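Protein chains in written order, with the numbering used here: chain G, 614 to 868; chain C, 417 to 705.
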């Protein structure tokens, strides 16, 4: 695979919950238009780590971050940087589909733009349709855009959340176990989606499912007990990992 | 085996105990609801007899003459409730927002929360005295404004605590979804969190209004009463509860009948307000987990 430029980079990132040291010295690089998977056993810190990438970690009371996260070369933790502007450029999809309960399908997708001050109906309509198409949901909802977002099925809700995140055109999209609550068919749809979306956005995805990581990612990082053990091309991680702990994990000896 | 036999032997006694306790609890529930039903039936019976079209359109009749109504008191109560809502609802909702969203677990918030709870249980006559001291005395006369102010103070704790409780019901992951979209916190709170629970918060407001509408003691001190139409917000104003009180303790038969009619209208108002909100807000707007 041709090497593309580095869009996101972490330098010795440490994350804490109060006194608990959840992430230790993680340095990683994410290249444009690739999918990077974070794998590892429950509680290894992979979700915490991706929440440091868009400054969501600090939303938890008592949580803090040390180290640098460079987005296009500038540190998002520099004093004076507004987390709101970072989150507009680094979107996020959560483990559990969380459409806004009081809003229609249309308004769910339009929310990011509307609440950032975009009001032109024509622009919003265009963006909503484009985002829903990108999320492979348009055909299923185009006749009921006014229905509540929560009226959709679980898999559709998750794709709605993906459309909502894409609507603000973030260059990077974080996905925190986006399929762990979905059935295999919905999961397959989202995996397909991820592989298409990487033409437009850089994707960082946390997954419990090693087959999923193998299927959809270009790079894979293995986390264990708050440490990033190794990160490499996915094909290499799953065939000849350098670290014995990685090998033990992917061969199912623990985790 | 021993244990099994013994358990079987205990079975009959256990079942009997169960039945007795169930009967007792049912009885307690009846005792609790009986006053409500009997008050309602009694007020409706007595009030309905004294009811007439004039009651809603006429001013109170002078002693000795029959007929007349409480039109001024009915509109007066509406004016007072509107004034109270104008102050009490925004303050209550904003207070609830602070407690649930911004103060959260801080010391200030828990102190405020405690204060609001105390305020909710302060006898209403004390609130009336307070309004008397800060509004009536400087203005040198009872007024609709003073009455509205007193009722607002009584509404605030109900509205604030209901708002807080309902806002807290909105799951964290909904707030996170908003924040992760790059929406500023205050917009997430107003356009997503608050909007989602608005239906339920309106119920809280209606309960606050229903409570305020029936208050008598603070109005005696602040709005006083009046046998005429209101001459302005800075003047004394009639209200249903005060009018009922005045007429009920009077020795005149006609007035006492009117008092029953007033009680009927007041109970109906509170009843309709309660049922009405429940019907309007029948859809649950809070996200379910």
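Glycine residues also receive a C-beta, built at the ideal position from the N, C-alpha and C atoms. Every value quoted in this text rests on a predicted model; they were computed, and no experiment measured them.
- Closer than 9 Å at the C-beta level to chain C, one finds these residues of the stretch 770 to 786 of chain G: 774, 777, 778, 780, 781, 783.
- In the DSSP annotation of this structure, the continuous segment of the alpha helix (DSSP H) that includes residue 742 (chain G) starts and ends at 734 to 747.
- C-alpha of residue 647 (chain C) to C-alpha of residue 500 (chain C): approximately 18 Å in a straight line.
- Checking the DSSP bridge columns, you'll see residue 844 (chain G) partnered with G:834.
- For residue 646 (chain G), no alpha helix (DSSP H) run applies, since DSSP gives it neither H nor E.
- One finds nothing in chain G with a Cβ atom closer than 8 Å to the Cβ of residue 509 (chain C); even the nearest lies about 16 Å away.
- In summary, the residues of the stretch 563 to 592 of chain C whose CB is separated from some CB of chain G by less than 7 Å are 589, 590, 592, in the order they occur in the chain.
- What residue 709 (chain G) touches in chain C, judged by beta-carbon distance under 8 Å, is 589, going in chain order.
- Within 10 angstroms of the beta-carbon of residue 530 (chain C) lie fewer than 16 other beta-carbons, which makes it exposed.
- Look at residue 644 (chain C) here: in three-state DSSP terms it is coil, with no helix or strand label.
- Annotation: residue 855 (chain G) is outside any alpha helix (DSSP H) and is labelled neither H nor E by DSSP.
- Close to residue 617 (chain C), with beta-carbon spacing below 9 Å, lies no residue of chain G; the smallest spacing is near 12 Å.
- Of all residues in the stretch 592 to 603 of chain C, only 592, 593, 594, 595, 596, 597, 598, 599, 600, 601, 603 come within less than 9 Å of chain G when Cβ atoms are compared, listed by chain position.
- At a cut-off of 8 Å between C-beta atoms, residue 420 (chain C) does not count as an interface residue with respect to chain G.
- Residue pairing of residue 624 (chain G) in beta bridges, as defined by DSSP: G:681.
- Between residue 685 (chain C) and chain G, the shortest Cβ-Cβ separation is not below 8 Å.
- With a threshold of 8 Å between beta carbons, residue 744 (chain G) makes no contact with chain C.
- Relative to the Cα of residue 642 (chain G), the nearest Cα in the group G:839, G:659, G:832 belongs to G:832.
- Taking the C-beta atoms as reference points, residue 475 (chain C) is found no nearer than 8 Å to residue 589 (chain C).
- If you ignore the 5 residues before and after residue 658 (chain G), its C-beta comes within less than 6 Å of the C-beta of 635, 636, 836, 839, all in its own chain and listed in chain order.
- Fewer than three beta-carbon pairs drawn from the stretch 749 to 767 of chain G and the stretch 667 to 679 of chain G are found closer than 8 Å, and the two stretches are therefore not classed as touching.
- When C-beta atoms of the stretch 503 to 513 of chain C are compared with those of the stretch 565 to 580 of chain C, three or more pairs fall below 8 Å, so the two segments count as touching.
- Under a criterion of Cβ atoms nearer than 9 Å, no residue of chain C is adjacent to residue 807 (chain G); the nearest Cβ is some 18 Å distant.
- It is roughly 17 Å from the alpha-carbon of residue 790 (chain G) to the alpha-carbon of residue 777 (chain G).
- With contacts defined by Cβ atoms closer than 8 Å, residue 558 (chain C) and residue 552 (chain C) form a contacting pair.
- Its Cα nearest to that of residue 820 (chain G), the residue G:653 stands out among G:629, G:619, G:640, G:653.
- The C-beta of residue 651 (chain G) comes no closer than 8 Å to any C-beta of chain C.
- Listed along chain C are 599, 603, 607, each with a C-beta nearer than 7 Å to that of residue 728 (chain G).
- Residues of chain G with a Cβ closer than 9 Å to the Cβ of residue 612 (chain C) are, in chain order, 713, 714, 715, 716.
- The beta carbon of residue 734 (chain G) does not come within 8 Å of any beta carbon belonging to chain C, so the residue lies off that interface.
- Counting only residues of its own chain and dropping the five nearest sequence neighbours on each side, residue 781 (chain G) has a CB closer than 6 Å to the CB of 701, 725.
- Contact annotation, residue 493 (chain C) with residue 656 (chain C): C-beta distance approximately 5 Å; criterion of less than 8 Å satisfied.
- For residue 762 (chain G), there are no neighbours in chain C by C-beta distance under 9 Å, as the nearest C-beta there is about 10 Å away.
- Short of 8 Å from the beta carbon of residue 858 (chain G), and not among the five residues preceding or following it, lie these beta carbons of its own chain, in chain order: 835, 837, 842.
- At least one beta carbon of chain C lies nearer than 8 Å to the beta carbon of residue 725 (chain G).
- In this model, residue 528 (chain C) and residue 592 (chain C) are separated by some 26 Å (Cα to Cα).
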